[in-house]
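Counted from 1, the sequence shown has number 101 at position 65 by our numbering; the numbering is strictly sequential. Reviewing the structure listed below.
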Amino acid sequence: QEGTKVPPKRKQNTSIVTSELLHKNLLKSEQENWNDISPTYKAMTKRIKEKLEELHKMYTLNSGSPRMRFGENVYFEENGCIFLAKADDDEGNADILFSIEDLGFSDAFIQRIRISPDQKYMAISLKSENSEEATCIILTLGNFPVVEKVIPSVFSFEWAADDVLYYTTQKNLKCQNVFMTTFTYQKHTKLVYTEQDARFFVDLYCTKDRRFLTINSNSKTTSEVWLVDCRHPFESPALVQARTTGVIYHIEHRKEQLYILTTYGEPAEYKAILADIASSGKENWQLVYALEKQTKLVDFEMFSDDCIMFLKNAGHLYLNVISFVSHSIQLIKLPTWACEFELESHPEHTTSTCYFQLSSPVHPPKRFAYSFKENNLIEQAVQEVPIITNCHTTRLLAKSKDETLVPITVFHNKNSKELHRRPLLVHVYGAYGIDLHMSFKEEKLMLIEEGWILAYCHVRGGGEQGLSWHRDGCQHNKLKGLHDLRACIMLLHDQGFSQPKHTALAAASAGGVLAGALCNTDPALIRALVLQAPFVDVLNTMMKTHLPLTIEEQEEWGNPLEDEKCMKYIKSYCPYQNIKPQCYPSVFITAYENDERIPLTGILQYVQKLRKAALDHASRTSNKGNWIPNIILDVQANGSHCDSSWEHSLNE
């Protein structure tokens, strides 16, 4: 209208438009670059793909999916179908209850299954490869299963009673609301709990005896648990112990007593604690069992008369069986080749056997059972899986800059001669107290068969040696993880495992921080670097509080916005900030266009800056044999952050 003042265009908007344009142009140029380069690898890709598919067929036929036992009934999922079999019957006679396609979800996979106590309802979550969020579908079981309800954007869910389901919703990678919904009589849904602190993430769990449903609110360092009494599922949740900074705790229940796994007290590692339901505050906690130093608690399972702790110490796996009847504790060392546990679902806590699977990157999952009655470990005979006899497992300790001993797990072919001439693939992670992923992967077995050496460096920042191992490698201790990685690679070379010109380093997600940092400080130690959705721009990411994870990540990386010392420290190791003209190794990066966890812009800028530095160095030096590294970025339009599905893993 006449007389209306036209507001001046805000500068901020122009800068947003400019950065979006820059992002689009960078992305386009990388996609063109990838399209030019990828045909070079066509023949090699074809050969590898055929080999991996052959291995996959050989091993997946034999490793069945986990079973869920309910009295006489056994439920299991295979190829997107849910089956029901009788416990003492051959599973070849199992009935198909329904398939994902029946529900109209052809491109999704089943992430979680929960069956109501009376087996009348089944709740499942379906997730597609391109999304972090899952859809929960509740079905009435019977001859013809019927869809009762569909709930979008669900993270976790548990049955509090036969027809009462509690669930959490997920938005922007955060879970902060808990709802309750019912299916019979007065069908209704209501909000039960809301978490106000952005650093905390809420999930649900049922105690083994199904007496309580627990609402767990956890940050990276602190937790708080609320109990819903499953006998009275409509009553308000009761608080166990108010959150105390630095104290993590988890709840189990047996015979009117709470069994609490907690970091409370010195040393700040996990301990088993006993408390009464009526007086559950930490002033009433009684110590039952404390872990030894540098021991990691991997998992914990409660039964009516015993509990089993799955432990890791110096790379070896153990079972710790605590009997509540005889008050005895038995420690059982598991086979030396085993690197990873997977506990099977035991919905009935009165069972006398605990089932689990063991695997390693080069050993397919093998099923084991521990019998409480017989007090022994039984290897389950499954269909014959080809045994890998020619792979040797070695465990080393590297001395870091501050004299700390850092474990390394090494796999190589027993028949390989002259190991110093063999190619070596080193793996690293070192963040969030999470262990390096060491379950079976077909491509690792293929590499062993082709004469490669595989090494896994369990550096500080990860969780391999307990909670203190993580604390020693986060925030203002991040550089210790870098020193550990350097020491590991140098020891491998000193021990005759390959040499720098045949060494590649692989990392994913937050593992990209240490791998990218080593690339800047010690580029001569490796010839190639392979990164998947890497976190390479720590400083700029931690300065942007509008990103979904920045606030909760401050407990891992620090807060550079409010702490100048922290800003300088992050700047000292951040891969993007420390790129300089020098001879870099070749780099291959996979990134995802719609990755909600690692902003693509940071990766695009990192690649551009790294290429420029490598070219600057090459143009300044005219040494003979001077080479320009390949720096390749593959931006995938589909897939979400470090997706672990078989198809995705095969493409990668």
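Using N, Cα and C, we set each Cβ at its ideal position, and we do this for glycine too. Please read all numbers here as calculations on a predicted model, not as lab measurements.
- If you look at W195, you'll find it in the beta strand (DSSP E) that goes V182 to A197.
- Beyond the five residues adjoining it in sequence on each side, T387 comes within less than 8 Å, by CB distance, of R105 and F339 in the same chain, given in chain order.
- By the neighbour-count criterion, in which 16 or more other beta carbons inside 10 Å mark a residue as buried, R563 falls on the buried side.
- By the CB criterion at 7 Å, L527 and L565 fall outside the cutoff.
- When the Cα atoms are used, D143 and N513 turn out to be separated by approximately 42 Å.
- Pairwise C-beta distances place the region 274 to 291 in contact with the region 328 to 346, as three or more of them are shorter than 8 Å.
- Nearest Cα to I615 within the set A551, P584 and L347: A551.
- Beyond the five residues adjoining it in sequence on each side, S259 comes within less than 6 Å, by CB distance, of I284 and Y285 in the same chain, given in chain order.
- The C-alpha of R247 lies about 21 Å from the C-alpha of V324.
- With contacts defined as CB atoms closer than 7 Å, F119 and I132 qualify as a contacting pair.
- Taking a C-beta distance under 7 Å as the contact criterion, W488 and R496 do not qualify as a contact pair.
- Counting the other CB atoms within 10 Å of its CB gives A79 a total below 16, which places it among the exposed residues.
- Excluding its 5 nearest sequence neighbours in each direction, V200 has C-beta neighbours in its own chain below 7 Å: M216, T218 and P269, listed in chain order.
- With respect to the 7 Å criterion, L240 and Y202 are classified as neighbours on the basis of their beta carbons.
- When C-alpha distances from P153 are compared across Y77, N208, L249 and K402, the shortest belongs to L249.
- Below 8 Å, enough C-beta pairs join the region 361 to 379 and the region 471 to 483 to call them touching: three or more.
- Under the rule that a run must span 4 or more residues, the alpha helix (DSSP H) segments found entirely inside the region 564 to 595 read 574 to 578 and 586 to 593.
- In the structure shown, T176 adopts extended strand secondary structure according to DSSP, grouped into three states.
- Put simply, of F447, I664 and P443 the residue whose alpha carbon is nearest the alpha carbon of L651 is I664.
- Fully enclosed beta strand (DSSP E) runs of no fewer than 3 residues occupy 210 to 218, 225 to 230, 237 to 242 and 248 to 254 of the region 209 to 256, in order along the chain.
- The distance from the Cβ of V623 to that of T539 is about 14 Å, inconsistent with a contact at the 8 Å cut-off.
- For secondary structure counted as the beta strand (DSSP E) over 3 or more consecutive residues, the region 411 to 459 holds these complete runs in sequence order: 412 to 415, 427 to 435 and 441 to 449.
- Proximity to E137 across C117, K437, I151 and Y492 peaks at C117, based on C-alpha coordinates.
- For D558, the CB contacts under 7 Å within the same chain, skipping 5 residues up- and downstream, are R522 in chain order.
- For the 7 Å CB-CB criterion, G548 and L567 form a contact.
- If only uninterrupted alpha helix (DSSP H) runs of at least 4 residues are considered, those enclosed by the region 464 to 539 are 478 to 485, 503 to 507 and 514 to 530.
- Excluding sequence positions up to five before and after K163, its CB lies within less than 7 Å of the CB of A144, F145, Q147 and A170, all in the same chain and listed in chain order.
- Under the DSSP assignment, D652 falls in the alpha helix (DSSP H) whose first and last residues are L636 to R656.
- Per DSSP, V549 is one residue of the alpha helix (DSSP H) stretching across G547 to T557.
- A residue is called buried when at least 16 other Cβ atoms come within 10 angstroms of its Cβ; N115 does not meet this threshold and is exposed.
- Going by beta carbons, F408 and D508 fall outside the 7 Å limit.
- Nearest to T220 by C-alpha distance, out of L175, I344, L333 and T257, is L175.
- Cβ-Cβ distances below 6 Å link L62 to L640 in the same chain, with the five nearest sequence neighbours on each side left out; the list follows chain order.
- Rounded to whole angstroms, H428 and D312 show a C-alpha spacing of 49 Å.
- Take the alpha-carbon of L441 and the one of E500: they are about 12 Å apart.
- The DSSP-derived three-state label of L63 is helix.
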